[in-house]
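Asker: I'd like to ask you about the structure that follows.
Protein chains in written order, with my numbering: chain A, 1 to 327; chain B, 328 to 616.
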């Protein structure tokens with residue numbers, strides 16, 4: 001009798017052990033499988049960098065570092081430089097940020113401080129929904145609606161007033177058909193505005209209520225609370241949000257291609273047509289062969305590097321803000 | 328003495344009030360300007376889009392250059408297939424990767440790095456992803472294909488699904504996990520059958536947001552799926568899709584093509600907005616429960 005109970009105990013023990021062993025194995029398997037899937041992103045990143053670089057190699061080896069500041073784009077002679085499209089990319093994105101950041105800041109302040117509480121949610125949701133509108137819609141709007149209006153009501157009057165002025169006059173020269181660097185910048189500003197505003201509002205909301213209320217308790221005005229409490233507290237996050245917007249603006253294709261004018265020469269004024277890296281890719285990739293093809297990959301590689309750096313800084317700044325949340 | 332102090336006080340008080348008034352007025356003006364600009368865009372889109380909307384849009388295929396009428400049936404079907412396949416790829420992949428980040432990601436440095444790279448990929452230029460997929464899936468085969476298009480869109484959708492899944496899983500209370508562990512459930516069962524189930528509507532939110540994000544993407548499809556003037560359900564060949572049709576037709580000189588582009592633009596925008604609203608509804612349910 002004793003021996004049988006011992007026996008069954010032993011059996012039960014080994015059964016439990018078997019189950020535990022099996023579960024351990026399954027768990028290890030589950031861990032590895034999910035890890036494998038999460039590595040897909042890293043593999044994609046590596047793949048992007050390697051495949052772009054390999055395809056761009058002929059261009060890089062032919063022009064070397066000169067490629068970065070070489071002002072030439074001659075498909076027939078096979079002479080290519082990235083300067084024209086880099087300048088166009090940075091100028092259009094820069095104009096976009098100059099216009100969009102103050103507006104986004106104003107919107108974020110309005111949504112977090114002055115807006116009546118019952119309006120906050122609907123307006124906030126509207127801003128977020130607009131950030132989701134596909135960029136090609138902004139491009140079409142720019143080409144068909146904005147460009148004619150811009151030409152008639154902004155370019156022509158600005159040119160007649162400012163053209164003769166010394167120092168700044170040259171900025172406003174050129175044809176006034178509504179397409180060009182400035183128009184691309186404005187359309188990009190339309191596009192990144194809801195995005196930057198939404199990020200800024202989220203960051204502003206991180207400010208502890210107790211800090212805000214203490215400031216109000218000391219008799220601060222709303223504006224002073226924003227300027228001297230909220231803004232310093234969320235500084236890094238705000239800059240991070242702006243950089244996120246910049247990253248989007250630099251890499252944007254559709255909103256820019258429709259309105260930038262697609263001319264492969266250096267812009268001579270804010271109104272003159274130009275081109276950006278993304279729009280060169282969209283326009284010329286279909287017909288590219290040989291060195292031209294490799295050069296387009298080289299441009300893609302440059303664009304990826306630029307945006308990757310900008311976005312990394314943005315991410316780092318936003319991470320630091322969120323970490324200080326526990327204050 | 329007290330008089331002077333009082334006067335300076337009121338002067339200071341007034342200037343502070345003035346600064347406050349100016350600042351808040353400017354911010355209100357910014358809100359007004361921003362909303363007006365964006366409403367202008369939506370108004371233009373709706374008025375042009377609804378003018379182009381009729382039954383032939385859904386029953387006819389894209390017209391040849393110079394011919395009258397036409398619709399975008401082939402592009403709608405193509406877009407649905409390309410986006411559908413990429414949802415099938417990116418949902419399981421993104422969800423499992425998201426589980427890894429939330430369940431195992433606190434202690435591992437690789438997970439931390441993956442998380443940051445994923446966040447960067449969320450905003451990476453989509454045209455570069457198109458170039459990449461061209462290099463690995465179009466150039467070796469020698470022709471554009473719907474599959475390549477799906478692959479490019481998956482690369483955009485995976486980070487979205489991954490990060491939302493992770494965030495939603497983190498909202499699940501730890502006590503739920505602990506209760507399951509205490510009953511002797513192995514980790515994979517806890518993750519898949521307890522945590523993931525509790526975060527179900529949140530995960531659906533992520534998938535919906537990903538679909539919304541990729542259905543309007545144009546640039547990556549330009550180098551991968553390209554376009555096809557005819558009706559085709561063969562994903563190994565070039566495939567018509569709404570974004571590329573909009574791009575090509577809007578840039579064309581033909582009036583009927585431009586009108587079709589507006590119709591397609593309206594369809595895409597309505598889809599994207601609807602998906603976003605649905606995602607919000609799901610998320611709100613999650614927060615409530």
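Glycine is no exception: its CB is placed at the ideal position from the N, C-alpha and C atoms.
#1: What do you get for residue 76 (chain A), buried or exposed, if any count of 16 or more other CB atoms within 10 angstroms of its CB means buried?
#2: So, does the CB of residue 79 (chain A) fall closer than 8 Å to a CB anywhere in chain B?
#3: With a CB to CB cut of under 6 Å and the five nearest residues on each side skipped, what residues in its chain are close to residue 554 (chain B)?
#4: Within a Cβ cutoff of 6 Å, which residues of the same chain sit near residue 454 (chain B), ignoring the five residues on either side of it in sequence?
#5: Name, please, each residue of chain A whose Cβ falls closer than 7 Å to the Cβ of residue 358 (chain B).
#6: Is the Cβ-Cβ distance between residue 458 (chain B) and residue 282 (chain A) less than 8 Å?
#7: As a quick exercise: from A:280, A:300, A:191, A:70, pick the residue whose alpha carbon is nearest that of residue 142 (chain A).
#8: For a cutoff of 8 Å on Cβ pairs, would you count residue 523 (chain B) as touching chain A?
#9: Could one say the Cβ of residue 234 (chain A) lies closer than 8 Å to chain B's Cβ atoms, at least one of them?
#10: So the candidates are A:139, A:134, A:179; which of them puts its Cα closest to the Cα of residue 150 (chain A)?
#11: With 8 Å set as the bound, which would you pick, yes or no: does the beta-carbon of residue 311 (chain A) sit closer than that to a beta-carbon of chain B?
#12: Residue 248 (chain A) touches chain B at which residues, Cβ-Cβ below 9 Å?
#13: Taking a contact to mean a Cβ-Cβ separation below 8 Å, would you say residue 147 (chain A) touches residue 197 (chain A) in this structure?
#14: Take every Cβ of the region 576-586 of chain B, pair it with every Cβ of the region 558-565 of chain B, and state whether three or more of those distances are shorter than 8 Å.
#15: Please confirm whether residue 441 (chain B) and residue 491 (chain B) have their CB atoms less than 8 Å apart.
#16: Please report the straight-line C-alpha distance between residue 414 (chain B) and residue 386 (chain B), rounded to a whole angstrom.
#17: The alpha helix (DSSP H) with residue 69 (chain A) in it runs from where to where?
#18: Select from the region 418-437 of chain B all residues with a C-beta closer than 9 Å to any C-beta belonging to chain A, and list them in chain order.
#19: Alpha carbon to alpha carbon, what distance is there between residue 113 (chain A) and residue 119 (chain A)?
#20: Contact criterion: CB-CB distance below 8 Å. Does residue 459 (chain B) meet it with respect to chain A?
#21: Just to confirm my understanding: we take residue 201 (chain A), look at its own chain, exclude 5 residues before and 5 after, and list those with CB closer than 8 Å. What are they?
#22: What does residue 472 (chain B) touch in chain A if you count any residue whose Cβ is under 7 Å from its own?
#23: Using Cβ-Cβ distances below 8 Å, what residues of the region 473-485 of chain B are close to chain A?
#24: Comparing C-alpha positions only, which one of A:217, A:174, A:204 sits nearest to residue 272 (chain A)?
#25: On the criterion of 16 or more Cβ atoms from any shown chain inside 10 Å, does residue 618 (chain B) qualify as buried, or is it exposed?
#26: Quick one: Cα of residue 588 (chain B) to Cα of residue 538 (chain B), how far?
#27: If contact is defined by three or more beta carbon pairs under 8 Å, each pair taking one atom from either stretch, is the region 424-435 of chain B in contact with the region 31-45 of chain A?
#28: Which residues of chain A have a Cβ atom closer than 7 Å to the Cβ of residue 498 (chain B), listed in chain order?
#29: Assign residue 326 (chain A) to one of two classes, buried (16 or more other C-beta atoms within 10 Å of its C-beta) or exposed (fewer than that).
#30: Buried or exposed: which applies to residue 619 (chain B), given that a residue is buried once 16 or more other Cβ atoms fall within 10 Å of its Cβ?
#31: Could you please give the first and the last residue of the uninterrupted alpha helix (DSSP H) stretch that includes residue 202 (chain A)?
#32: Which residues in chain B sit within 7 Å of residue 55 (chain A), going by Cβ to Cβ distance?
Answerer: Result, derived from the coordinates:
#1: The sequence position of residue 76 (chain A) within the first chain is 76, counting from 1. Counting Cβ neighbours within 10 Å, residue 76 (chain A) comes out exposed, since fewer than 16 surround it.
#2: Counting from 1 along the first chain, the entry for residue 79 (chain A) is found at position 79. No, because no Cβ of chain B sits closer than 8 Å to the Cβ of residue 79 (chain A).
#3: For this step, residue 554 (chain B) is matched to residue 227 along the second chain. Contacts found: 567, 571.
#4: The residue you call residue 454 (chain B) lines up with position 127 of the second chain. Cβ within range, chain order: 546.
#5: By one-based count along the second chain, residue 358 (chain B) stands at place 31. Residues of chain A passing the Cβ test: 106, 107, 110.
#6: Residue 458 (chain B) sits at position 131 when you count from the first residue of the second chain. Residue 282 (chain A) sits at position 282 when you count from the first residue of the first chain. It is not a contact, given that the beta carbons lie outside the stated cut-off.
#7: Counted from its first residue, the first chain places residue 142 (chain A) at position 142. Per the Cα distances, A:191.
#8: The count along the second chain starts at 1 and reaches residue 523 (chain B) at position 196. No, its Cβ sits nowhere closer than 8 Å to a Cβ of chain A.
#9: Taking the first chain and counting its residues from 1, one reaches residue 234 (chain A) at position 234. Answer no: the Cβ-Cβ gap between residue 234 (chain A) and chain B never drops below 8 Å.
#10: Within the first chain, numbered from 1, the residue matching residue 150 (chain A) stands at position 150. Per the Cα distances, A:179.
#11: Along the first chain, one-based indexing puts residue 311 (chain A) at 311. Yes, residue 311 (chain A) lies at the interface with chain B (some Cβ there is under 8 Å from its Cβ).
#12: Here residue 248 (chain A) corresponds to residue number 248 of the first chain, with the count starting at 1. The contacting residues are 450, 452.
#13: Counting from one through the first chain, the residue named residue 147 (chain A) turns up at place 147. Counting from one through the first chain, the residue named residue 197 (chain A) turns up at place 197. No.
#14: no
#15: Position 114 of the second chain, counting from 1, holds the residue named residue 441 (chain B). Position 164 of the second chain, counting from 1, holds the residue named residue 491 (chain B). No, the pair does not count as a contact, with Cβ atoms beyond the cut-off.
#16: The sequence position of residue 414 (chain B) within the second chain is 87, counting from 1. The sequence position of residue 386 (chain B) within the second chain is 59, counting from 1. The alpha-carbon atoms of residue 414 (chain B) and residue 386 (chain B) are separated by roughly 26 Å.
#17: Residue numbering aside, residue 69 (chain A) sits at position 69 when the first chain is read from its first letter. From DSSP, residue 69 (chain A) is part of no alpha helix (DSSP H); its letter is neither H nor E.
#18: 419, 420, 421, 422, 423, 424, 425, 426, 427, 428, 430, 431, 432, 435, 437
#19: Position 119 of the first chain holds residue 119 (chain A). Position 113 of the first chain holds residue 113 (chain A). Cα-Cα distance, rounded: 12 Å.
#20: Numbered from 1 along the second chain, position 132 holds the residue referred to as residue 459 (chain B). Judged by the 8 Å Cβ criterion, residue 459 (chain B) is in contact with chain A.
#21: In the first chain, counting from the first residue as 1, residue 201 (chain A) sits at position 201. Excluding residues within five positions, the ones whose Cβ falls inside 8 Å are 107, 108, 111, 112, 124, 127.
#22: Locating residue 472 (chain B) in the second chain gives position 145, where the first residue counts as 1. What residue 472 (chain B) touches in chain A: nothing, since even the nearest Cβ is about 16 Å away.
#23: 482, 485
#24: As a first step, residue 272 (chain A) is located in the first chain; it is residue number 272 there, counting from the start. Closest by alpha carbon: A:174.
#25: Only positions 328 to 616 of chain B appear in the structure, and residue 618 (chain B) is not among them; the question remains open.
#26: For this step, residue 588 (chain B) is matched to residue 261 along the second chain. For this step, residue 538 (chain B) is matched to residue 211 along the second chain. C-alpha separation (whole angstroms): 21 Å.
#27: yes
#28: For the purposes of this step, residue 498 (chain B) is taken as residue 171 along the second chain, with counting starting at 1. None at all; the shortest Cβ gap to chain A is about 16 Å.
#29: Walking along the first chain from the start, residue 326 (chain A) turns up at place 326. Confidence at residue 326 (chain A) is low in this model, with a pLDDT of 47, below 50, so its placement is unreliable and the value that follows should be read with caution. Exposed, since its Cβ has fewer than 16 Cβ neighbours within 10 Å.
#30: Residue coverage of chain B in this structure runs from 328 to 616, which leaves residue 619 (chain B) outside it and unanswerable.
#31: By one-based count along the first chain, residue 202 (chain A) stands at place 202. Looking at the DSSP string, the run of the alpha helix (DSSP H) that includes residue 202 (chain A) is 181-204.
#32: Position 55 of the first chain holds residue 55 (chain A). Residues of chain B passing the Cβ test: 462.
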